[in-house]
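Novice: There's a structure below that I have some questions on.
Protein chains: 2
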Amino acid sequence: MVPHLVTALKGPLLELERRFLEATPQIERWFRLEWQERTPPFYCSTDLRNAGFKLAPVDTNLFPGGFNNLSEQVLPLAIQAAMVAVDKYCPEARNLLVIAEDRLEQLDYRQNLLWLAKVLRQTGLEVRIGSLDPALEQSQRIDLADGQMLVVEPVRRHGRRIVVDEFNPCTVLLNDDLSQGVPQVLRNAHEQTVLPPLHASWSVRRKSTHFGAYREVARRFAKAFQIDPWLIDPGFSSCGQVDFTSRDGEDCLIAGVESVLRQMRSKYREYKVTEKPFVIIKADAGTRGMGVLSVRSADDVRNLSAAQRELMAVGEDGLPVTEVIVQEGVPTFETINDAVAEPVVYMIDRYVVGGFYRVHAERGPNENLNAPGMRFVPLPFASSCNLPDAQALPEEAANRFYAYGVVARLALLAASIELERTDPDQSLYG
Amino acid sequence: MVPHLVTALKGPLLELERRFLEATPQIERWFRLEWQERTPPFYCSTDLRNAGFKLAPVDTNLFPGGFNNLSEQVLPLAIQAAMVAVDKYCPEARNLLVIAEDRLEQLDYRQNLLWLAKVLRQTGLEVRIGSLDPALEQSQRIDLADGQMLVVEPVRRHGRRIVVDEFNPCTVLLNDDLSQGVPQVLRNAHEQTVLPPLHASWSVRRKSTHFGAYREVARRFAKAFQIDPWLIDPGFSSCGQVDFTSRDGEDCLIAGVESVLRQMRSKYREYKVTEKPFVIIKADAGTRGMGVLSVRSADDVRNLSAAQRELMAVGEDGLPVTEVIVQEGVPTFETINDAVAEPVVYMIDRYVVGGFYRVHAERGPNENLNAPGMRFVPLPFASSCNLPDAQALPEEAANRFYAYGVVARLALLAASIELERTDPDQSLYG
């Protein structure tokens, strides 16, 4: 199923989708050559926004937690992609430890872990699941309603190695973004392969670095396929020192908001977009939707209420937020039964394995859909993203998903460049 | 859909399937390590026989021509596997030429070519189709009933390069097994990647070399997983100089038949199989089902009729047959609506991408189903072969297909060893 695009202004997007369709072999070759130079992250998910006039990634997650939302049909594809990833990162591996995020009370997250364990087992690995929760002192068996069960074990240190119980893994797969910092138990474990690397965690990662790399990738791609890079690239600006409470550094934020809006207005005129531009202000580090603000002018920033300031000043993890990113707001014009929908594309290694729509009944098209406490309904993509149908119209499901897969893979490329640049061990990249 | 197993004696097979299910992570790791040492053929299909008491490959084809018989569902999986293969063999490639077999008049073969072109295009290649038919002087457009069309072009030489028209491919993918020999137009084209290599063609290849390598692989696998290798390995013997017309070399053939039958009788006793053993005599080179003989005793060989001798003496390609292989007959005990069925597993690179049943209404369980002129009905496997269901019974579809995928991949490994050993340039293997 493909959501309905409610905007009348889908000319530029249809044109873009048509370009992608026509140029499919060239696009796939372009990616093939790019990947000769780069190593993709083990896994990745990208939130996209389809505005009708623009299709762009707005968030790239290196610790994806919603694999369970993918269609059952894509399991074989995911297994095959995971085989490629394991081959690349840990070809000899026998045991793999998945480190879970601290939200095991959520049924959907438990199912995500089961999904990962099932897929990784098929690549030839014994898989166990560990938790960093200091309150967990011994193995815990969690029964799921459908008869399946999950055993979660406290992650410990055995000398230089990360272990659970007697299980000594060659590979540790993080499914926790470590936004509160890298815990001692994971540090200096040089004998084991930790995936993604620790510098991919939100204790190091910055959205601005990612979108800076994305900008380069988008420009290179746009040049190769003669499209306007703006059609796939969300504008942004970042500020390193903002104190929302004392207003220190507010000038930088205001300048950023104005600069992003200025560029948007110019592009909106060019493409005859009549929407009112908005920008999103969010923490430069961290994935959760806390402290995400949608503003339409510099005055909106000046006039933030005390409550809004308080919300912005502290991340969900309780840590103060001083580094922020101002990102072009890309409205989502896809709806399902009048509810706003946003595509999320899942990748393993360099392959798109599927995706789903995050459908949100209580939010508007200009709002952040990944909001804490808010429910969303996942709607798996009806088909894989690697099989466009040249005979069909550009807006048909297989082709829409193909376009999503192309843009998501640009974000994946950006993530690989970002991880190279931020790697503390630069000797790896000649 | 899974065909019905009509034999009462499926104990050993169920036991084998159970072993495969339990040991899945170890089996997948075993393959992962094996592939670190080997390069898989670009593509491959394997005919299996499921006897209820034994599951074994009986033929391994390095120029598979029935991709169109696979389920639509496996297309994304095939594309992803083909991406891996292209990455390995010809990462820079822009253009690929598929060389078609000389049976373009067959609708199903045309569809096989369309399938290949579609999948390869998605890996980032411009694909064109060439023919070696000397009667083809210019490009020919073939319209298919369903509105699709195919353009086939005469393969020519442009200096050191194999070309069609102005199209100068980096890579040439053979879909013709060249059983009549390697034509001049393909020789000494060292600037281009030819896949599979010319020594994979039936002008060089021998079934006995393949099954010799398979025997080693099967023994290694059986040792690792503590099973009797006979359960997955068809016995064989080969004779290099048999003249069916003059009876020169008949002694070798008779000795081979007796030796294979002797071993079968002993194993049949061990597993309490009450079937009467039979062996298959076929040309050691060549894939087509011409001159395939099913015999139950050495006397059957001595008493061959003049007509049978004539049939055996010449291959379908008109070349004399003097090298023969005597292979253990593995009866197929799968039936669909009382018609005999035989699984065929398709692989790209090291991945199983799907399979189908060759269903034959007019043949018995002890006969060769891949027979010229005989019609068969392909029945695509209902699920991929990489996703067993540990909760389900060993004989359920997903698990049966997984077992097929395991045995087929053993044959794939054997093919890669065979191609290494027969490579004229041994300097590649240190």
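Residue numbers (the working numbering), protein chains in the order written: chain U, 1 to 430; chain W, 1001 to 1430.
The beta carbon of each residue, even a glycine, is placed where N, CA and C say it ideally should be.
Keep in mind that this is a model prediction, so the values were computed, not measured.
1. Tell me whether Thr1422/W sits in a helix, a strand or coil according to DSSP, three-state version.
2. For a cutoff of 7 Å on Cβ pairs, would you count Arg32/U as touching chain W?
3. State yes or no: is the beta carbon of Asn1399/W nearer than 7 Å to at least one beta carbon in chain U?
4. Enumerate, from N- to C-terminal direction, the unbroken beta strand (DSSP E) stretches of 3 or more residues contained entirely within the region 1297-1369 of chain W.
5. Nearest-angstrom Cα distance between Leu1125/W and Gln26/U?
6. Does DSSP put Lys54/U in a helix, in a strand, or in coil?
7. Residues in its own chain within less than 6 Å of Pro229/U by CB, not counting five upstream and five downstream?
8. Go ahead and pull the three-state DSSP assignment for Arg141/U.
9. Could you tell me which chain W residues have their CB closer than 9 Å to the CB of Val384/U, listed as they occur along the chain?
10. Taking contact to mean 3 or more Cβ pairs, one atom from each stretch, closer than 8 Å, check whether the region 112-125 of chain U and the region 72-86 of chain U are in contact.
11. Could you name the residues that DSSP lists as bridge partners for Leu5/U?
12. Who are the neighbours of Val86/U on chain W, taking C-beta pairs under 8 Å?
13. Any residues in the region 115-136 of chain U with a beta carbon nearer than 7 Å to a beta carbon of chain W? Which ones, in chain order?
14. Taking 8 Å as the cut-off, does the region 1171-1191 of chain W touch the region 1395-1404 of chain W (at least 3 CB pairs, one atom from each stretch)?
15. Is the distance from the Cβ of Val257/U to the Cβ of Val324/U below 7 Å?
16. Do Arg128/U and Phe167/U have their beta-carbon atoms positioned less than 7 Å apart in this structure?
17. Counting C-beta neighbours from all protein chains within 10 Å, is the total for Cys1090/W 16 or more, i.e. buried, or is it exposed?
18. Taking DSSP as the reference, what is the three-state secondary structure of Phe225/U?
19. Thinking Phe1244/W and Arg1309/W are a contact (beta carbons under 8 Å), I'd like their distance in whole angstroms, please.
20. Identify every run of the beta strand (DSSP E) within the region 1231-1298 of chain W, keeping only runs that are complete inside it and at least 3 residues long; order them along the chain.
21. Buried or exposed: which applies to Gly1373/W, given that a residue is buried once 16 or more other Cβ atoms fall within 10 Å of its Cβ?
22. For Lys1054/W versus Leu1261/W, is the C-beta spacing smaller than 7 Å?
23. With a threshold of 7 Å between beta carbons, is Gly289/U in contact with chain W?
24. For the alpha helix (DSSP H) containing Gly1130/W, list its first residue and its last residue.
25. Does the separation of the CB atoms of Lys1282/W and Val1292/W fall below 7 Å?
26. Mind checking the region 1403-1424 of chain W against chain U and listing, in chain order, the residues whose C-beta falls within less than 9 Å of any C-beta there?
27. Using 10 angstroms around the beta-carbon of Met149/U, count the other beta-carbons present and answer buried if the total reaches 16, otherwise exposed.
28. How should Pro12/U be labelled, buried or exposed, when 16 other C-beta atoms within 10 angstroms of its C-beta is the threshold for buried?
29. Against Thr1060/W, what residues of chain U qualify as contacts under a CB-to-CB distance less than 7 Å, listed in chain order?
30. Can you have a look at His1004/W and say buried or exposed, based on whether 16 or more other CB atoms are within 10 angstroms of its CB?
31. Under 7 Å between C-beta atoms, does Ser1427/W make it to chain U?
32. Nearest by alpha-carbon distance to Met347/U: which of Pro40/U, Val86/U, Leu33/U, Trp35/U is it?
33. Whole angstroms are fine: how far does the CA of Asp165/U sit from the CA of Ala56/U?
34. Let me know the secondary structure DSSP gives Thr60/U once reduced to three states.
35. By the criterion of Cβ-Cβ separation under 9 Å, what are the contact partners of Gln36/U in chain W?
36. Grouping DSSP H, G and I as helix and E and B as strand, with all else coil, what is Leu1153/W?
Specialist: Quick answer:
1. Start at 1 with the first residue of the second sequence, and residue 1422/W comes out as number 422. Correct three-state label for Thr1422/W: helix.
2. In the first sequence, the residue the question calls residue 32/U occupies position 32. It does: the Cβ of Arg32/U has a partner Cβ on chain W nearer than 7 Å.
3. Taking the second sequence and counting its residues from 1, one reaches residue 1399/W at position 399. It does not: the Cβ of Asn1399/W has no partner Cβ on chain U nearer than 7 Å.
4. 1324-1328, 1334-1336, 1339-1348, 1351-1360
5. If you number the second sequence from 1, residue 1125/W lands on position 125. If you number the first sequence from 1, residue 26/U lands on position 26. If you take the alpha carbons of Leu1125/W and Gln26/U, they lie about 7 Å apart.
6. Sequence index remark: in the first sequence, residue 54/U carries index 54 (1-based). Note: Lys54/U maps to coil in three-state DSSP.
7. Taking the first sequence and counting its residues from 1, the one referred to as residue 229/U is at position 229. So the qualifying residues of the chain are Ala218, Arg219, Ala222.
8. Mapped onto the first sequence, residue 141/U falls at position 141. The answer is strand: DSSP assigns Arg141/U an E or B state.
9. By one-based count along the first sequence, residue 384/U stands at place 384. One point to set straight first is that residue 384/U is Ser, not Val, in the sequence displayed. Ordered by position in chain W, the residues that pass the 9 Å Cβ test against Ser384/U are Leu1075, Pro1076, Leu1077, Ile1079, Gln1080.
10. yes
11. Taking the first sequence and counting its residues from 1, one reaches residue 5/U at position 5. Beta-bridge pairing links Leu5/U to Glu334/U.
12. Position 86 of the first sequence, counted from the start, is the residue given in the question as residue 86/U. Per Cβ cutoff of 8 Å: Arg1032.
13. Arg121, Gln122, Thr123, Gly124, Leu125, Glu126
14. no
15. Mapped onto the first sequence, residue 257/U falls at position 257. Mapped onto the first sequence, residue 324/U falls at position 324. No, the pair does not count as a contact, with Cβ atoms beyond the cut-off.
16. Taking the first sequence and counting its residues from 1, the one referred to as residue 167/U is at position 167. Taking the first sequence and counting its residues from 1, the one referred to as residue 128/U is at position 128. Taking 7 Å as the Cβ cut-off, Phe167/U and Arg128/U qualify as a contacting pair.
17. Counted from its first residue, the second sequence places residue 1090/W at position 90. With 16 or more other Cβ atoms within 10 Å, it is buried.
18. Here residue 225/U is taken as the residue at index 225 of the first sequence, counted from 1. If DSSP states are grouped into helix, strand and coil, Phe225/U belongs with coil.
19. Your numbering for residue 1244/W matches position 244 in the second sequence. Your numbering for residue 1309/W matches position 309 in the second sequence. That pair is a contact at about 5 Å.
20. 1236-1239, 1279-1283, 1293-1295
21. Here the question's residue 1373/W lines up with position 373 in the second sequence. Bear in mind that the predicted position of Gly1373/W carries a pLDDT of just 48, short of 50, making it too unreliable to give a figure here.
22. In the second sequence, the residue the question calls residue 1054/W occupies position 54. In the second sequence, the residue the question calls residue 1261/W occupies position 261. It is not a contact, given that the beta carbons lie outside the stated cut-off.
23. On the first sequence, position 289 is the one that residue 289/U refers to. With a pLDDT of 49 at Gly289/U, under the threshold of 50, the modelled position of this residue cannot be trusted; read the value that follows with caution. False, the Cβ-Cβ gap to chain W never drops below 7 Å.
24. Taking the first residue of the second sequence as position 1, residue 1130/W is located at position 130. Per DSSP, Gly1130/W belongs to no alpha helix (DSSP H); it is in the beta strand (DSSP E), 1126-1131.
25. Sequence index remark: in the second sequence, residue 1282/W carries index 282 (1-based). Sequence index remark: in the second sequence, residue 1292/W carries index 292 (1-based). Contact flag set, yes.
26. none
27. Here residue 149/U corresponds to residue number 149 of the first sequence, with the count starting at 1. Burial call: exposed.
28. On the first sequence, position 12 is the one that residue 12/U refers to. Buried, because 16 or more other Cβ atoms sit within 10 Å of the Cβ of Pro12/U.
29. Position 60 of the second sequence holds residue 1060/W. Going along chain U, no residue has its Cβ under 7 Å from Thr1060/W, so there is no contact; the nearest lies around 21 Å.
30. Counting from one through the second sequence, the residue named residue 1004/W turns up at place 4. By the neighbour-count rule (16 or more Cβ atoms within 10 Å), His1004/W is not buried but exposed.
31. As a first step, residue 1427/W is located in the second sequence; it is residue number 427 there, counting from the start. Not closer than 7 Å to any Cβ of chain U, the Cβ of Ser1427/W fails to qualify, so no.
32. Your numbering for residue 347/U matches position 347 in the first sequence. The candidate whose alpha carbon is nearest that of Met347/U is Pro40/U.
33. For the purposes of this step, residue 56/U is identified with residue 56 of the first sequence, where counting begins at 1. For the purposes of this step, residue 165/U is identified with residue 165 of the first sequence, where counting begins at 1. Distance between the alpha carbons of Ala56/U and Asp165/U: 44 Å.
34. As a first step, residue 60/U is located in the first sequence; it is residue number 60 there, counting from the start. In this structure, Thr60/U counts as strand in the three-state DSSP scheme.
35. Residue 36/U sits at position 36 when you count from the first residue of the first sequence. Asp1087, Pro1091, Glu1092, listed in chain order.
36. Stepping through the second sequence from its first residue, residue 1153/W is reached at position 153. The amino acid at residue 1153/W is misidentified as Leu; the sequence shows Glu. Glu1153/W falls in the strand class under three-state DSSP.
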